[in-house]
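Student: Residue numbers for the sequence shown follow full-length UniProt numbering, beginning at 1 and rising by one.
Would you mind keeping the following structure in view while I ask a few things?
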Amino acid sequence: MDLNQKDVGILAMEIYFPLTCVQQEALEAHDGASKGKYTIGLGQDCMAFCTDVEDVVSMSLTAVSSLLEKYQIDPKQIGRLEVGSETVIDKSKSIKTFLMQIFEVYAEGPARPTGGAAAIAMLIGPNAPIAFESKFRGSHMAHAYDFYKPNLASEYPVVDGKLSQTCYLMALDSCYKRFCAKYEKFQGKPFSISDADYVVFHSPYNKLVQKSFARLYYMDFLRNASSVEEAAKEKLAPFSSLSGDESYASRDLEKTAQQVAKSLYDAKVQPTTLIPKQVGNMYTASLYAAFASLIDSKHSTMDNKRVVMFSYGSGLSSTMFAFRLQEGQYPFSLSNIATVMDISGKLKSRHEVSPEKFVKTLQLMEHRYGGKDFVTSKDHSLLPPGTFYLTQVDSLYRRFYSKKSQEDTNTATCENGSVVNGH
């Protein structure tokens, strides 16, 4: 790519999530949890999950192939492929060869309602409607055991929920400070959240997103930013002398900051929350699924808007960066991106299952995890045309996939993530 090309960023997006889902309210009752623990305490509405015919590979194949087909892009035009994932299917074979994105579920317990499944594909290039503001970026990395997967024989992670939330907020603080410093260096004036039209967060669960935006508002208060109203300053004043650790532990600060930031949250963050609340935590895809929600709901009014993005990966690594948006030209336009993703259509096409069936499906997945020499149910009746699905894993652990055609006949077969001759 010519280094002098301008407005490099996202040209096109496509998202895929399983059509099978379970309502969080029903899961509360099934798990014996108090009413509202998942829906209010976590802020989640629904959770998508894979059946035995879908996995990280099939979802990624579906998302990437759909993007290429809908935008009529020759794969030979793609100069570089990048894949991000928190999932390992093979300890040697590159995950990029599977076109793998992300799929996670948790073991039974308090973390399970924060699971989810999805894959997102993006085309990057010049003259993009979603352009990187490359000068404004702040990153933070640290060593922490907040979420990790030490047992390679299990698909489930080890999670320290309280530590994970604290690590997330500490990383957010650090990234925001660095981002603000970069902005002031290049723009010659302070930055506050009023300079962002929208803010998009990595979303393990919606309640943390609410806390995170409130945290940015509190940070602006500590910096005496003009964006903080006088009435809010009075309510936050009792917390001005807290140390960093004290502020992370203060429930009173958390509650007060969310209250005074609510109107800004509703305007700048709430439009990003649809998919994360409906699908669940998509891990590597989580941030961009939230961004896809924003494009879906606000694409007609986003010309020349700035969107601040906060990405986070446990362990931990995080970055805050920004996009500048313009409508663009068809097919690489905001309105066409929204049309192609068809988020409302995909959500309406979902099939709700009972918590009992959800648990039974996960038990089957647990039993087969790391297994070989089995054939899946091959039941693709609930899958939309164009969806890839797992058909078998042979005695050599090779994974085979098929693609549901428009007529549901003459499907193409895939082996280890690459398309081979049909059968």
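Think of the CB as a built atom: it goes at the ideal place given N, C-alpha and C, for glycine as much as any other residue.
Since the structure is predicted, the reported quantities are computational estimates derived from the model, not experimental observations.
(1) Kindly identify the DSSP beta-bridge partner or partners of F332.
(2) Look at the Cβ atom of S192, then the Cβ atom of H140, and state whether they are nearer than 8 angstroms.
(3) Apart from the five residues just before and just after S382, which ones in its own chain have a Cβ nearer than 6 angstroms to its Cβ?
(4) Which word fits K6, buried or exposed, when buried means at least 16 other C-beta atoms lie within 10 angstroms of its C-beta?
(5) Compute the beta-carbon to beta-carbon distance between A171 and Y217, rounded to the nearest angstrom, for a pair I have assumed lies under 8 angstroms.
(6) Out of R80, D245, A29, G116, state which residue places its alpha-carbon closest to the alpha-carbon of C21.
(7) Assuming K135 is part of the beta strand (DSSP E), what are its boundary residues?
(8) With distance defined between alpha-carbon atoms, name the residue in I343, Y145, Y176 nearest to S311.
(9) Leaving aside the five residues before and after K37 along the sequence, list all residues of the same chain whose C-beta is less than 7 angstroms from its C-beta, in chain order.
(10) Please go through the same chain and pick out, in chain order, the residues whose beta-carbon is closer than 8 angstroms to the beta-carbon of K372, but skip the five residues on each side of it.
(11) Quick one, are the C-beta atoms of V53 and Y389 less than 8 angstroms apart?
(12) If the criterion is Cβ atoms closer than 8 angstroms, does the pair A63 and P355 meet it?
(13) Among residues of its own chain, excluding the 5 on either side of K135, which ones have a beta-carbon nearer than 7 angstroms to its beta-carbon?
(14) I'd like the span of the beta strand (DSSP E) that includes Q392, first residue to last.
(15) When burial is assigned at 16 or more other CB atoms within 10 Å of the CB, is G138 buried or exposed?
(16) Could you tell me which uninterrupted alpha helix (DSSP H) segments, each at least 4 residues in length, are contained entirely in the segment 212-249, listed from first to last along the chain?
(17) Tell me the DSSP secondary structure of Q258 in three-state form.
(18) With DSSP run on the structure shown, which of helix, strand or coil describes G345?
(19) What are the start and end residues of each continuous alpha helix (DSSP H) run of 4 or more residues lying completely inside the segment 281-329, in chain order?
(20) Put Q23 into one of helix, strand or coil per three-state DSSP.
(21) How big is the Cα-Cα spacing for D303 and D197?
(22) According to the neighbour-count rule (16 or more other Cβ atoms, all chains shown, within 10 Å of its Cβ), is Q23 buried or exposed?
(23) Let me know if L236 comes out buried or exposed under the rule of 16 or more other beta-carbons within 10 Å of its beta-carbon.
(24) According to DSSP, is A121 helix, strand or coil?
(25) Would you kindly report the start and end of the unbroken alpha helix (DSSP H) that includes I275?
(26) Judging by CA-CA distance, which residue of Y71, Y145, S333, I120 is the nearest neighbour of residue 428?
(27) Under 8 angstroms, with one C-beta from each stretch per pair, do the segment 262-273 and the segment 197-206 reach the 3-pair mark?
(28) Tell me, to the nearest whole angstrom, how far the beta carbon of P129 is from that of E327; I am working on the premise that it is less than 8 angstroms.
(29) Report all residues from its chain with a CB closer than 6 angstroms to the CB of V223; omit the five preceding and five following residues, and keep chain order.
(30) Using the three-state DSSP reduction, which class does C175 fall into: helix, strand or coil?
(31) Could you spell out where the beta strand (DSSP E) holding E14 opens and where it closes?
(32) Grouping DSSP H, G and I as helix and E and B as strand, with all else coil, what is F201?
Tutor: For this structure:
(1) Looking at the DSSP assignment, F332 forms a beta bridge with Q329.
(2) Contact flag unset, no.
(3) Looking at the sequence itself, residue 382 is Leu, so the reference to Ser does not match. Taken in chain order, the residues that qualify are L19, H351.
(4) Burial state of K6 is exposed, judged by a 10 Å Cβ sphere holding fewer than 16 other Cβ atoms.
(5) The Cβ separation is near 17 angstroms, so there is no contact.
(6) Ranked by Cα distance from C21, the first of R80, D245, A29, G116 is G116.
(7) Going by DSSP, K135 is part of the beta strand (DSSP E) stretching over 130-141.
(8) Closest option to S311, Cα to Cα, is Y176.
(9) So the list reads E28, once near-sequence residues are dropped.
(10) Excluding residues within five positions, the ones whose Cβ falls inside 8 angstroms are V393, D394, S395, L396, Y397.
(11) Taking 8 angstroms as the cut-off, the beta carbon of V53 is found closer than this to the beta carbon of Y389.
(12) For A63 and P355, no; Cβs fall outside 8 angstroms.
(13) K182, F186, listed in sequence order.
(14) From DSSP, the beta strand (DSSP E) with Q392 extends over 388-393.
(15) With 16 or more other Cβ atoms within 10 Å, it is buried.
(16) As far as the segment 212-249 is concerned, its whole alpha helix (DSSP H) runs of at least 4 residues are 230-236, 244-249.
(17) DSSP places Q258 within a helical segment (H, G or I) once states are collapsed to three.
(18) When secondary structure is reduced to three states using DSSP, G345 falls in the helix class.
(19) List check, alpha helix (DSSP H) in window: 286-298.
(20) If DSSP states are grouped into helix, strand and coil, Q23 belongs with the strands.
(21) Near 11 angstroms, if we compare the C-alpha coordinates of D197 and D303.
(22) Flag for Q23 reads buried.
(23) Note on L236: 16 or more other CB atoms within 10 angstroms of its CB, so buried under the neighbour-count rule.
(24) Annotated three-state conformation of A121 is strand, per DSSP.
(25) Run containing I275: 274-279, per the alpha helix (DSSP H) assignment.
(26) Summary: the structure shown does not reach residue 428, with the chain confined to residues 1 through 423, and so no result is reported for it.
(27) The segment 262-273 is in contact with the segment 197-206.
(28) P129 to E327, Cβ: 6 angstroms. Contact.
(29) Reading the sequence as shown, one finds Arg at residue 223 and not Val. Excluding residues within five positions, none has a Cβ falling inside 6 angstroms.
(30) Per DSSP, reduced to three states, the secondary structure at C175 is helical.
(31) That run of the beta strand (DSSP E) goes 9-16.
(32) In the three-state scheme derived from DSSP, where H, G and I count as helix and E and B as strand, F201 is classed as strand.
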